[in-house]
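Input: a single structure, listed below in structure tokens.
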Amino acid sequence: MKYTLIGLAVAAVFSQHVLADEGQWQPHQLPQLQKQLTEKGIEISGEQLADLNQYPMNAIVSLGYCSASFVSPKGLVVTNHHCAYGMIQNNSTKDDNLIEKGFLAKSLDKELPAGPQERLYITESVTDVTAQVSGNLAAELTGSARFDAIEANRKALIKECETDENYRCSVVSFHHGMEYFLIKQLMIQDVRLVYAPPESVGNYGGDIDNFEYPRHTGDYSFIRAYVGKDGKPAPYSEDNVPYEPKSFLKINADGVKKGDGILLAGYPGRTSRYRLANEIQFAADWQYPAMVKTYTQIINTIDALSAENPDIKVKYASRVKSYNNRMKKLQGLLDGFKVTDIHAIKQAQEDALLAWIAANPEHQHFKTAIDGLRVQLEKEHAFTRQNYYFAFARSSDLLTTAMRLYRLSVENQKPDSERKIGYQERDLKMFAARLTRMDKSFHPTMDVTMWAEQLAEYLAQPEQTRVAALDNALELEANQSKETLITKLSPMYGKTSLTTNEGRLAWMEKTPEEFQSSDDPFIKVAVALFDTSMQLEKQEKDLEGAMSVVRPAYMNAIIAYNKSQGKPVYPDANSTLRITYGSVDGYEAKDGVYKTPFTSVRGLIAKKGPFPFNAPEDIVSAYQEGKTAGYFYNTLERPAAQSFACKIFGCEVAKPTQFNSVPVNFLSSADTTGGNSGSAVMNGKGELVGLNFDSTYESITKDWYFNPEITRAIHVDIRYVLWLMEHVHGAQNLLSEMDIVHDAK
227 MKYTLIGLAV
237 AAVFSQHVLA
247 DEGQWQPHQL
257 PQLQKQLTEK
267 GIEISGEQLA
277 DLNQYPMNAI
287 VSLGYCSASF
297 VSPKGLVVTN
307 HHCAYGMIQN
317 NSTKDDNLIE
327 KGFLAKSLDK
337 ELPAGPQERL
347 YITESVTDVT
357 AQVSGNLAAE
367 LTGSARFDAI
377 EANRKALIKE
387 CETDENYRCS
397 VVSFHHGMEY
407 FLIKQLMIQD
417 VRLVYAPPES
427 VGNYGGDIDN
437 FEYPRHTGDY
447 SFIRAYVGKD
457 GKPAPYSEDN
467 VPYEPKSFLK
477 INADGVKKGD
487 GILLAGYPGR
497 TSRYRLANEI
507 QFAADWQYPA
517 MVKTYTQIIN
527 TIDALSAENP
537 DIKVKYASRV
547 KSYNNRMKKL
557 QGLLDGFKVT
567 DIHAIKQAQE
577 DALLAWIAAN
587 PEHQHFKTAI
597 DGLRVQLEKE
607 HAFTRQNYYF
617 AFARSSDLLT
627 TAMRLYRLSV
637 ENQKPDSERK
647 IGYQERDLKM
657 FAARLTRMDK
667 SFHPTMDVTM
677 WAEQLAEYLA
687 QPEQTRVAAL
697 DNALELEANQ
707 SKETLITKLS
717 PMYGKTSLTT
727 NEGRLAWMEK
737 TPEEFQSSDD
747 PFIKVAVALF
757 DTSMQLEKQE
767 KDLEGAMSVV
777 RPAYMNAIIA
787 YNKSQGKPVY
797 PDANSTLRIT
807 YGSVDGYEAK
817 DGVYKTPFTS
827 VRGLIAKKGP
837 FPFNAPEDIV
847 SAYQEGKTAG
857 YFYNTLERPA
867 AQSFACKIFG
877 CEVAKPTQFN
887 SVPVNFLSSA
897 DTTGGNSGSA
907 VMNGKGELVG
917 LNFDSTYESI
927 TKDWYFNPEI
937 TRAIHVDIRY
947 VLWLMEHVHG
957 AQNLLSEMDI
967 VHDAK
């Protein structure tokens with residue numbers, strides 16, 4: 227019976243049915259979706275959303291790892307608190323911990339440098355360059371030769387695009403190599419921290435509430451873009467001035483209500499919607515469990531040492547937060563696979579595709595492509611298993627730095643056009659910035675402890691997974707303990723120059739010969755591992771080169787299948803600018819449990835208790851004293867319409883609830899994933915009504931499969947942000963520079 231129900235759903239699932247709010251769409255695809263946008267109540271046309279030079283898309287920006295948006299003519303940017311966490315940590319010390327107490331600059335001169343590696347990226351153009359990247363490649367070209375040919379074409383296009391040093395260009399694969407687009411972004415180099423609430427607001431509920439709902443988290447922060455006096459991007463300088471964006475989002479202080487249509491724009495990271503069934507099986511059976519074990523070890527080590535040392539706690543705060551997030555997501559994926567048989571759904575999708583191919587003689591080449599993909603996947607999975615523990619056995623920050631520096635010295639011997647991406651002239655400023663950033667995020671005690679722990683795990687694996695170059699360089703023996711390895715490795719830290727910024731930067735100018743003759747213990751290990759690393763990279767290129775033939779052919783089959791039904795297909799997320807849409811709505815989490823679309827300050831206070839539910843007293847007192855003018859939401863929230871399953875089998879009907887409070891978070895059916903953190907959530911007019919920051923636990927498996935019944939994204943309600951700014955934190959200086967609007971009454 228279970229499989230029969232899955233089969234009934236396959237057509238809608240496999241064809242990426244746009245009516246289900248599914249889809250992380252490229253902006254140029256929005257005109258095709260005008261009917262769906264109109265049905266959602268979106269007033270902005272698909273044509274306008276497709277134009278990156280028009281409002282609102284020219285106000286959407288990337289941090290390189292999170293999404294954000296301009297909200298004032300003075301370069302003010304809003305994003306998530308957890309996205310700005312590294313910037314906050316960069317300005318914190320054990321004696322002045324801004325993570326704990328928060329920060330607000332009352333004037334421009336009080337704003338703090340976000341960090342040497344922080345950037346803002348504004349996407350100005352996206353151009354199809356498929357013909358230039360892969361269109362002229364010989365059919366017989368495969369393996370690493372094909373990979374290198376594609377890379378050479380990508381680098382040539384990037385060089386041609388980056389005639390102005392203020393722009394950063396990239397050539398990105400879409401539909402897994404079926405298409406390539408050249409993306410041109412203005413790069414702002416001077417980013418400053420403006421306002422971040424205390425962690426008790428920005429991370430209220432901590433890791434306990436992560437991916438959970440109901441949620442009461444003020445996950446927002448403000449930063450600012452600065453440029454030189456000539457208006458052009460420039461490195462940090464006290465003489466720089468705020469950047470004037472082409473446009474900035476209006477902020478609607480009336481927010482949204484249940485049933486309202488919303489738009490969400492940002493830079494989603496990675497999804498796996500078009501993977502084969504055996505790929506999800508590999509992830510569920512081996513890859514995700516292995517990663518859960520590794521992250522658990524790392525998190526426990528950071529927590530233990532942070533409890534003993536305030537300096538370590540501050541320096542590794544951003545990293546442990548990231549690891550905790552990955553850990554819970556992985557566990558949620560594994561739990562979700564048990565609840566929903568996504569493997570069976572994927573298999574049914576494949577069966578439907580193969581049946582369509584079999585019914586059309588002219589499509590038999592698609593069957594050949596799918597068979598070839600399965601062969602390559604077996605090789606890819608074997609490579610992943612073989613090298614997993616070796617990768618973590620090199621996870622010392624100092625060893626990683628030494629390896630990257632030696633690779634830089636080798637690449638510097640080549641013409642710039644032949645260097646690996648990441649080691650070209652265009653990359654050197656960011657390369658140096660990352661080295662400098664280590665001063666605020668590295669501690670030798672933590673580094674050696676985590677490294678020894680991962681080496682011990684590596685040494686506990688079967689002999690065939692071991693790498694002779696590493697064993698010989700460190701004189702390792704099977705089953706050595708973490709404690710033994712700490713004793714063995716600790717002296718290396720007193721004999722290296724890499725623990726200081728000056729020492730690290732000095733190595734950027736050295737030749738391979740100087741590396742090879744060095745007595746620095748980390749440099750010596752890096753040199754010893756180089757040939758093995760290059761051999762592994764060659765194997766990886768061979769795999770990727772082969773995949774660049776079979777995976778695009780498979781995607782061609784999927785797109786042809788959908789085209790036969792008149793339906794568009796969105797690409798898997800790949801950290802590029804996307805738009806999704808949906809509705810403000812709750813969901814049935816499980817039998818008898820309906821989760822309402824809004825949470826409130828009233829609920830936040832009711833949740834108050836020990837850390838991480840230590841609601842600040844200024845929030846409690848402001849609310850209890852009735853300081854809520856302008857942001858109090860009083861409405862009768864009705865439950866969602868019954869699901870298809872409830873209509874068939876019957877469910878208890880949830881009762882309406884009265885909402886009388888300041889909204890904190892809200893849910894929508896928008897299609898999001900990692901990287902969408904900080905994405906602007908807009909109403910039908912393109913006005914900011916919230917910030918995306920998380921998904922519900924039941925939604926985590928949407929990276930593989932979008933289930934419209936339970937998939938919900940969690941957003942910070944802009945009314946909560948404005949309320950805190952006006953009535954709690956006194957950020958009137960920022961409120962005055964934003965364009966805050968109200969709905970017409």
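Residues 227 to 971 in our numbering are what the sequence shown spells out, letter by letter.
Glycine included, every Cβ here is placed at the ideal spot set by N, Cα and C.
Name, in chain order, the residues that DSSP records as bridge partners for residue i.
i	result
Met553	Answer by DSSP bridge pairing: none, since Met553 is not bridged.
Pro823	For Pro823, which the question treats as bridged, DSSP gives no partner whatsoever.
Cys395	Lys410
Ala451	Val417
Lys816	Val819
Thr726	Answer is none; Thr726 lacks a bridge partner.
Phe837	In the DSSP output, where bridge partners are listed per residue, Phe837 has none listed.
Ala906	Ala491, Leu917
Just curious, the beta strand (DSSP E) that residue i is in, first and last residue?
i	result
His254	No beta strand (DSSP E) holds His254; DSSP gives it neither H nor E.
Ile926	No beta strand (DSSP E) contains Ile926, which DSSP labels as neither H nor E.
Leu489	487-492
Could you give the DSSP three-state label for residue i: helix, strand or coil?
i	result
Ser351	strand
Leu245	The predicted position of Leu245 is uncertain, since its pLDDT is 49 and thus under 50; a value taken from the coordinates is nonetheless stated next. It is helical.
Val888	coil
Asn918	strand
Ile940	strand
Ile524	helix
Pro282	coil
Val540	helix
Met964	coil
Lys472	coil
Val795	coil
Thr802	coil
Val297	coil
Gly808	strand
Ser370	helix
Tyr859	strand
Is the Cβ-Cβ distance between residue i and residue j less than 8 Å?
i	j	result
Pro738	Val636	yes
Tyr421	Phe296	no
Thr825	His442	yes
Tyr820	Gly812	yes
Phe609	Leu769	yes
Val942	Asn891	yes
Pro299	Phe474	yes
Leu427	Gly444	Residue 427 is actually Val in this sequence, not Leu. A contact, by the Cβ cut-off of 8 Å.
Val397	Val352	no
Ile488	Val287	no
Asn316	Gly341	yes
Leu579	Asn504	no
Gly369	Ala779	no
For residue i, which residues in the same chain have their Cβ closer than 6 Å to its Cβ, ignoring the five residues on either side in sequence?
i	result
His968	Ala479, Asp480
Phe870	In this predicted model, Phe870 has a pLDDT of only 44, less than 50, meaning its place in the structure is not dependable; the value taken from the coordinates is given anyway. There are no such residues.
Ile874	Low confidence applies here, because Ile874 scores a pLDDT of 48, under 50, leaving its location unreliable and the question unanswered by this model.
Thr922	Tyr439, Arg938
Val947	Tyr446
Asp965	Lys476
Which two residues bound the contiguous alpha helix (DSSP H) that contains residue i?
i	result
Lys410	No alpha helix (DSSP H) holds Lys410; the beta strand (DSSP E) holding it covers 405-414.
Cys309	It is not in any alpha helix (DSSP H) - Cys309 carries neither H nor E in the DSSP assignment.
Arg636	Per the sequence shown, the amino acid found at residue 636 is Val instead of Arg. Counting along the chain, the alpha helix (DSSP H) containing Val636 begins and ends at 623-637.
Thr713	708-715
Asp321	That residue, Asp321, is in no alpha helix (DSSP H); it is neither H nor E in DSSP.
Once you ignore the five residues that flank residue i on each side, which residues in its own chain have a CB closer than 8 Å to its CB?
i	result
Leu556	Tyr514, Met517, Val518, Tyr521
Phe563	Ile506, Ala510, His569, Thr927
Leu625	Trp677, Phe748, Val751, Ala752
Ile712	Val674, Thr675, Ala678
Using a Cβ-Cβ cut-off of 7 Å (strictly less than) and excluding sequence neighbours within five positions of residue i, which residues of its own chain qualify?
i	result
Arg660	Gln343
Met413	Arg345, Tyr347, Asn392, Tyr393, Arg394, Pro459
Ala957	Leu330, Tyr421, Met951
Gln612	Thr691
At a cut-off of 7 Å, would you count residue i as near the ligand PLP, judging by its Cβ distance to the nearest heavy atom?
i	result
Asn886	By its list of ligands, the structure shown contains no ligand whatsoever, and the ligand PLP lies outside what it can speak to.
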